[in-house]
Amino acid sequence: MPPIQLPRVRLVDRVGTDVLRFLELLGAIATFGGRAMVEAVWPPYEPREILRHIYQFGYRSAPLILTAGFAIGVVLSMHTRASLERFGAEALIPAGLAIALIRETGPLTAGLLVSGRVGAGIGAEIGAMKVTEQIDALEATAVDAFKYLAVTRIIALMIVMPLLTIMIDFAGIVGGYVAEAAVSGMSWQLYFERAFSLITYSDILTATLKTVVFGFLIAVVSGHLGFTTSRGTEGVGESSTRSVVMASMLVILSDVVLVKMILFLYPQVSG
Amino acid sequence: MNAVRFEHVSKTFGTRKVLDDISLEIPTGQAFCLLGRSGTGKSVTLRHIIGLVRPDSGKVFVEERDITALAGRELADVRKHMGFLFQNAALFDSMSVGDNVAFPMRRHTTWPAAEVRERAMAKLADVGLEKDFETMPGDLSGGMRKRAGLARAMALDPAILLVDEPSAGLDPITAHEIDELLVKTKQGGTTLVMVTHNIPSARVIGDGFGVLQDGRMLINGTLETLDASDEPLVQAFMCSQGGG
């Protein structure tokens, strides 16, 4: 007689299986990322492909990043004003906005936007190439498909992310200025001076450079999911969606770890 | 010398045994036609030759090098001597037809850009697509994609050309032109391994023939051997007049 399975046992069994599958996926992504790091060191370096991806990921993401940055700047400025004017501290609005934007909001928002725009694209593009045998065709042409498709995208996104972060920070500060100038008529020069009065090089450098890690994670996750795509067009759609979800999750989780590391290594940043 | 040699190759996908103890020899400069019903492992055999699939057991030799032991650059070096026409052509859809054909030349030669373009144009002319250099693969018909795929496979004048159903989806006139092109390629010294269901084509092109059934080599020999065979499947194949 087969053993009777209680509903609770089945639930535990299912959750356990899902957890194991997730851990297996994380392991596979880590292996993929490790292999990419090793292969990035060895020739051929595919500079033309890297430049092409820098253009695609960077230049084509710029309108979205600038618009989002500007809107965030306006909204943050309005919220900051509403809070600070109760204490008569309106003069701190530019500095407060710049700190929030440069230290955290800018890099994290850029990471999440790029996860959506670029991560989905990488997952879908490589996935479509997988199911239509184009990856096999690359290999048959004696081209290392992993290097040509994955490593080039990873390097390009690691270069592009800090640049997009600087863009979103700049657009946010401009947005904040526009909102502030509309209410108080503050000059650009005064706004700029106040905005950067409490910001140090360490703030800008650490917060911007952490997005190199975001770029790595987004490209590795979506590249891995693209390379492991199966089940035709349905699989391509799934890879694209999963790329966005997993990349966004990893960006948020890695941000927590990176902020903790930054505060440990550069205590002055928390000041 | 053999261009391709299989030694007791077996391959299983999941629970399905696709190739079962296959041994065969394809001498250099000859055309070998692999026949068989759909799903009997013909395409998988081609994929073994170019190292896209590795056998579970047995060995595959290309120009007397055991490619089952190769990886990375060593395998890429072997692949540079081969061309592969995929069943669905597998053109790079982000590149124009001309760029698809020029791609292997740009990767593996130092020819100047003008020469690459000229040679790619000549390869496209061989398959009747010289007017489609700038066309994107998505704008081609199935038959045209197949011809473009063949032009790309022949881009570097490979020593071994693997073709998976080259005349599938082509009209009879174009199919005949492709047959003539393959015969010409063979006469130029290229070893040809062709998967086909088109027996008239196989009769024109082939020197050696193999028929696969359920992953096993049912018969392997010359045209005369196959014509004289009393195996029902072989007889059915050899009497057929068309197919893709």
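Going down the list, the protein sequences come from chains A and R. Quick note on numbering: the first sequence equals residues 26 to 296 in our numbering. Quick note on numbering: the second sequence equals residues 38 to 281 in our numbering. Think of the CB as a built atom: it goes at the ideal place given N, C-alpha and C, for glycine as much as any other residue.
Check: Between the CA atoms of R/Asp58 and R/Lys96 - distance to the nearest angstrom; Outcome: 10 Å
Check: Chain A contact residues for R/Leu89, given Cβ-Cβ distances below 8 Å; Outcome: Asp161, Glu164 and Ala165
Check: Alpha-carbon spacing of R/Val200 relative to R/Leu193, whole angstroms; Outcome: 15 Å
Check: DSSP beta-bridge partners of R/Thr99; Outcome: Note on residue identity: the sequence assigns Val, not Thr, to residue 99 of chain R. Beta-bridge pairing links R/Val99 to R/Val41 and R/Arg102.
Check: Contact between the stretch 167-179 of chain R and the stretch 145-152 of chain R (3+ Cβ pairs under 8 Å); Outcome: no
Check: Cβ-based burial, R/Asp93 [other Cβ within 10 Å; buried from 16]; Outcome: exposed
Check: Range of the contiguous alpha helix (DSSP H) that encloses R/Lys160; Outcome: Ala150 to Asp163
Check: Any C-beta of chain A under 9 Å from that of R/Val232; Outcome: no
Check: Three-state secondary structure assigned by DSSP to R/Thr222; Outcome: helix
Check: Under 8 Å from the C-beta of A/Thr157: neighbouring residues of chain R; Outcome: Asn125, Ala127 and Asp130
Check: DSSP bridge partner residues for R/Cys276 (one or two, in chain order); Outcome: DSSP lists no partner for R/Cys276.
Check: Segment limits, beta strand (DSSP E) that includes R/Gln250; Outcome: Gly245 to Gln250
Check: Where the beta strand (DSSP E) through R/Ser131 begins and ends; Outcome: Neither: R/Ser131 is in no beta strand (DSSP E) and is coded neither H nor E.
Check: As assigned by DSSP and simplified to three states, the class of R/Asp267; Outcome: coil
Check: Proximity test, Cβ basis, 9 Å: R/Lys117 and chain A; Outcome: yes
Check: Cβ-Cβ separation, A/Ala135 to A/Gly90 (assumed contact under 8 Å), whole Å; Outcome: Correcting the residue type first, residue 90 of chain A is Ile in the shown sequence and not Gly. Correct: roughly 6 Å between the Cβ atoms.
Check: Cβ distance (whole Å) where R/Gly73 is taken to contact R/Leu263 below 8 Å; Outcome: That belief does not hold up - the Cβ atoms of R/Gly73 and R/Leu263 are roughly 12 Å apart, past 8 Å.
Check: Whole runs of the alpha helix (DSSP H) within the stretch 210-284 of chain A, excluding any shorter than 4 residues; Outcome: 213-220 and 226-252
Check: Sub-9 Å separation of A/Gly244 and A/Val99 beta-carbons; Outcome: For the record, residue 244 of chain A in the displayed sequence is Ala; it is not Gly. Contact: no.
Check: Separation of A/Leu242 from A/Ser273, as counted between CA atoms; Outcome: 9 Å
Check: A/Ser18 vs A/Ala149 beta-carbon contact at 9 Å; Outcome: The structure shown does not extend to residue 18 of chain A, since chain A is modelled only from 26 to 296, so the question has no answer here.
Check: Outcome for A/Gly248 when other beta-carbon atoms lying within 10 angstroms are tallied against a minimum of 16; Outcome: buried
Check: Reduced DSSP category for R/Ser60 - H, G, I as helix; E, B as strand; rest coil; Outcome: strand
Check: Cutoff 8 Å; reference R/Met119; Cβ partners in own chain excluding five residues on either side; Outcome: Ile86, Ile87, Val99, Pro195, Ala196, Ile197, Leu198 and Leu199
Check: Nearest-angstrom Cα separation, counted from R/Gly247 out to R/Lys79; Outcome: 10 Å
Check: Which of helix, strand or coil DSSP assigns to R/Ile197; Outcome: strand
Check: Distance between A/Ala123 and A/Gly200 (C-alpha atoms, nearest Å); Outcome: 11 Å
Check: Identity of the residue in R/Val81, R/Phe43, R/Phe69 and R/Gly186 nearest R/Met132 by Cα; Outcome: R/Gly186
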